[in-house]
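Under numbering that gives the first Met the number 0, the first residue of the sequence shown is numbered 0, with each subsequent residue one higher. Everything on this sheet refers to the single structure shown next.
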Amino acid sequence: MAAPTRPFITCHVLETVSGRPAPDMHVTLSLLSPKRSNLSTPTVFTATTNSDGRVTAWQSTQEGGTVTTSELDHLVNTLKSDLKSDEQMNWSLVFATEEFYGKGKTFWPEVELKFCTSKDEKHYHVPLLLGPWSYTTYRGS
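Quick look at the structure:
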C-alpha cells in the first residue's frame, strides 16, 4: 500500500511555554492570489492540528459536502499550469490562538501568516512557534 501523499502546504504548531505540540488548534488556509474566475475548486480550507501539533490534511466545506486535501492539490496543480514564470501564489494561514489558549489568556486572538509559493516547488511546510505573548515562524522542510 502506497503512503498517502502530503498536501502542497502543511503546518506545525509548537507551544513554546510548555515545549510541546499544540493539538486541537483550528487553522484556516486561504488562497489570496492569483484570483481565477474560472475556478470551481474551493480556495479556503480548514483543519485542526493533530496530537503532534501538525496539519497533514485539509478540508473545505462546499455545497454538497466535505472536500478533502485532493481538492487543494487540484487547485494548486491548476494554478501551477496557468502561472507565468514570474508569478507566485499568495496564501494565508490563520491560527485560532485565542480559541486554543482561552479568552484573555493570549495577546494574539489569532495569528495570520501570509506567504508566497512558487510553481516550481512541490511542498511548503510552515512551522509556528507559539506562546501566549509571542510567536515566530520560518519556512520548514
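Heads up, the beta-carbon is just placed ideally off N, CA and C, and yes, glycines get one too.
Check your understanding: At which residues does the beta strand (DSSP E) containing S100 begin and terminate?
Key -> Position 101 of the sequence shown, counted from the first residue, corresponds to residue 100. Checking the sequence shown, residue 100 turns out to be Tyr, not Ser. In the DSSP assignment, Y100 falls outside any beta strand (DSSP E) and within the unbroken alpha helix (DSSP H) covering T96 to Y100.
Review point. How big is the Cα-Cα spacing for L129 and A95?
Key: As a working mapping, residue 129 is identified with position 130 in the sequence shown. As a working mapping, residue 95 is identified with position 96 in the sequence shown. Taking the straight line joining both Cα atoms gives about 11 Å.
Review point. Contact between the region 79-95 and the region 107-114: three or more CB pairs below 8 Å?
Key: yes
Check your understanding: Nearest to P6 by CA position, among S32, V12, V54 and Q87, is which residue?
Key -> On the sequence shown, position 7 is the one that residue 6 refers to. The candidate whose alpha carbon is nearest that of P6 is V54.
Review point. Where H124 and T136 are concerned, what is the direct C-alpha to C-alpha distance, given to the nearest angstrom?
Key: Indexing the sequence shown from 1 puts residue 124 at position 125. Indexing the sequence shown from 1 puts residue 136 at position 137. Cα to Cα, H124 sits roughly 10 Å from T136.
Exercise for review: List the DSSP bridge partners of A19.
Suggested key: On the sequence shown, position 20 is the one that residue 19 refers to. A small fix is needed here, since residue 19 is Arg in this sequence, not Ala. The partner list for R19 (beta bridge, DSSP) reads E14.
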